[in-house]
Structure formats: structure tokens, C-alpha cells
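Reading through the C-alpha cells given below for one structure.
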Amino acid sequence: MEKEQFAQINTTIAVKEKEMISAQQFQKILLNPNKETIINLMQEKGYAIKVENFENLDLVEKALMSKLIVAYQWAFQESPSGEVVEVLALPYLYHNLKVLLKEKASKQDLSKLLIPIGKVSLSHLDHLVRTLSSDVLPDHLVNEVAAIWQEHLNYQDYRVLEVGCDLAYFKHLKRIAEQLDDQKIYQATSLIIQFYNLITVKRAEALHKNQGFMKQLISDQGHLGLSTYLDLAEGKEVSTWFNQLNPDVFSLQFKEAQTALVNDKLTLPELERLVDQLLFSAFESGKYNADGPYQLLRYLLGLEFEIKNFRLLISALVNDLPIELVKERMRPIYE
-9 MEKEQFAQIN TTIAVKEKEM ISAQQFQKIL LNPNKETIIN LMQEKGYAIK VENFENLDLV
51 EKALMSKLIV AYQWAFQESP SGEVVEVLAL PYLYHNLKVL LKEKASKQDL SKLLIPIGKV
111 SLSHLDHLVR TLSSDVLPDH LVNEVAAIWQ EHLNYQDYRV LEVGCDLAYF KHLKRIAEQL
171 DDQKIYQATS LIIQFYNLIT VKRAEALHKN QGFMKQLISD QGHLGLSTYL DLAEGKEVST
231 WFNQLNPDVF SLQFKEAQTA LVNDKLTLPE LERLVDQLLF SAFESGKYNA DGPYQLLRYL
291 LGLEFEIKNF RLLISALVND LPIELVKERM RPIYE
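In this note's numbering, the protein residues as written are -9 to 325.
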């Protein structure tokens, strides 16, 4: 990956980022949340949404995802490296594989659940799942899908499809990080995988599942065994582990979260929010780099979080939930 190749797309991002919602604008909405103000701001920033559709959460979701889909299409078209965009787009590929595999297993039409985001077209994914072969997709992806389907045939359990796709996603993500050979991207993928494992173990413990169950769910791409994640879940050696994943170990912004993690005081939603905050921090330096892929990753991640924040806010208003819940769960805002 030649970082100088990103100079042109980074110039475009400097223009496109003006369409992002600022922290000041979000704070203003939170002080006096009402649908007219929110819709007007969203329309101003390019969201195709109407006031009369505000309380229809399906139509709201369609408007939110439409903007994200267009952004990823632009990124794949303009980025000098499709693999860089895949660092963030890859979850959609494996979401679509889950949908198509479940569709094949259940013989139901689940096409409305597909999300057209990714380097691989939906038609190619559909062909792969139907035939378990492909002339255009990489062998590692074909082999993973074939293995997942065989596991499903062996156990006749839809959960095998879910778990198999999750674990295949982490292998693929790790493969991309190694191909790109970039320290920040490698660190970002590592924190995604390792926090997934920790959250999985903590969720399984809350459900009183045994270690055999946990071992089937965690990814071996994190380079740590189940016993280590069990210790981490109890707060043992958490500071050392956390500092290795923290992209800005000298910053004070995560000290409170680190202390809470050590004392086992973070809920699962709080842990998931912390992952997003750490991920955003990993690419924050891209704000000042004219070259390299970080501005693109930061822009796409910022848009993902903007959409998450709008989803939280609108859902809270429609369902008469306290705005404080929105504030507690908001993701970082692109600045």
C-alpha cells in the first residue's frame, strides 16, 4: 500500500466532511429534541427523509442506510486500495452471507435483509451460497462458506451459520490487516477481535454457559486462549492488556473506562461503546495527515457513528425514552 496514493481522495474528503453533523449541532438537538429540527438538519446534510416519515422507523432506517450505502460505493470506487475500505465494510459482507445461508437453509425469501455494501456484489455472494463455488471470489472465502454449510448439514442448527460467519469474518479481517501491513490498521483489527472475544466470554458467563460453549464462540485470531479471556473478564491483568490495545496510551480519555474495566464495572453495551471509541481514536491522527488511508477510514467510521447516533436519537423520541439514554450511548462525533 502506497500511502501517497491517498492524497487525491483525502482532498475530496476535506470537502465531503463538511456534510457531517458537528458536535455542536448534536448538542443543540439534545438540548431541545424535536422532529422538525432533526429532519431539517438531516435533509441539509443529504439524508433523503421526510417529516411525515419520522415516526416510521423502517423508513428512517432506509434513509440512514441509503446514505451509508452511497458513501461506501464512493469509497470503493475512489480509494486506491479496496482492502482499506474493507477494513470497515467487511461486516456487511458477512452479514449478507448469514442472510443468504439462512435463506438457503430455511427456503424463505430473506432478500429484504441484504445490505448492498461491500467489495463483492450480492449476485456473486448469492451464487457462492447456492453453488458453494465461484470463479471470481477468493478461494479462502469459498472454502469458508463451504465449511460453514457442511457444519450446518452436520448439526442442523442455524446457530452454526451465525457463529461460522462471525469466525470467518475475523479470519478475513486479520488477512486484510496483514496484507495492508500498516501498524494502525493492524492495531485496530486486533482490538476489534480481542474485545469481541472478551464481550463474548462475559455474555456467556452472564448466561451461565460452560467453557466448552465459550471456546466454540471465540476467535482464535486474537492470539489469546480462553483462560486468558476468563481472567480478563474477572479483571485480572486488564490494565496490561488494555494498554496494548489502546491506540493512545498516553491520553487520559480512556483512564476512567480502564479503571471500570479492571473493577468489572462496565456493562456489555458500555464495552461495545468503548470499542467504537477506541477504534475512532486509532484513526484520529488521520485528521492531520495529508497522505495515507487514515482520513478515509476516519471519515467512513465517523459516518457510521453519525448514523448510529441518529438511530438512537430518533428511536428514543418515537418510543418516548429519556434523552439521557441517548447521551450515554452516543458514539464519537466526527470533528
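Think of the CB as a built atom: it goes at the ideal place given N, C-alpha and C, for glycine as much as any other residue.
Inset, instruction - Measure the C-alpha to C-alpha separation of LEU87 and SER113 and round it to an integer number of angstroms. - result: 11 Å
Inset, instruction - Measure the alpha-carbon distance for GLN326 versus VAL126 and round it to whole angstroms. - result: Given a span of -9 to 325 for the chain in the structure shown, any question on residue 326 remains unanswerable.
Legend entry - Own chain residues within Cβ distance below 6 Å of LYS192, not counting five before or after: ALA223
Inset, instruction - Select from THR218, ALA272 and ASP221 the residue whose C-alpha is nearest the C-alpha of SER241. - result: ALA272
Inset, instruction - Return the chain-ordered list of same chain residues with a C-beta closer than 6 Å to the C-beta of LEU302, the five sequence neighbours on each side being excluded. - result: VAL316 and ARG319
Inset, instruction - Starting from PRO70, follow the alpha helix (DSSP H) in both directions and report where the run begins and ends. - result: Run containing PRO70: none; DSSP gives neither H nor E here.
Inset, instruction - Please classify THR249: does DSSP put it in a helix, a strand, or coil? - result: helix
Legend entry - Stretch-stretch touch, CB-based, cutoff 8 Å, three pairs: the segment 134 to 152 with the segment 175 to 183: no
Legend entry - Where HIS213 falls: helix, strand or coil (DSSP): coil
Legend entry - alpha helix (DSSP H) runs contained entirely in the segment 48 to 135, provided each spans 4 or more residues: 72 to 96 and 112 to 121
Inset, instruction - Over the uninterrupted alpha helix (DSSP H) stretch that includes VAL5, give me the two end residues. - result: -3 to 6
Legend entry - Uninterrupted alpha helix (DSSP H) stretches inside the segment 124 to 203 (no shorter than 4 residues): 129 to 145, 148 to 170 and 173 to 196
Inset, instruction - Tell whether a beta-carbon distance below 7 Å holds between GLU45 and VAL308. - result: yes
Legend entry - Close beta carbons around LEU115, own chain, < 7 Å, minus the five adjacent residues each side: ASN86, LEU87 and LEU90
Inset, instruction - Drop a sphere of 10 angstroms on the beta-carbon of SER12, count the other beta-carbons inside from all chains shown, and report buried for 16 or more, exposed for fewer. - result: exposed
Legend entry - Given 8 Å, three or more beta-carbon pairs between the segment 202 to 219 and the segment 247 to 261: no
Legend entry - Collapsed DSSP secondary structure at MET10 in the structure displayed: coil
Inset, instruction - Take SER305 and list the residues in its own chain whose beta-carbon comes closer than 7 Å to its own, dropping the five residues that flank it on each side. - result: LEU47
Inset, instruction - For the alpha helix (DSSP H) holding MET32, just list the boundary residues, first then last. - result: 25 to 34
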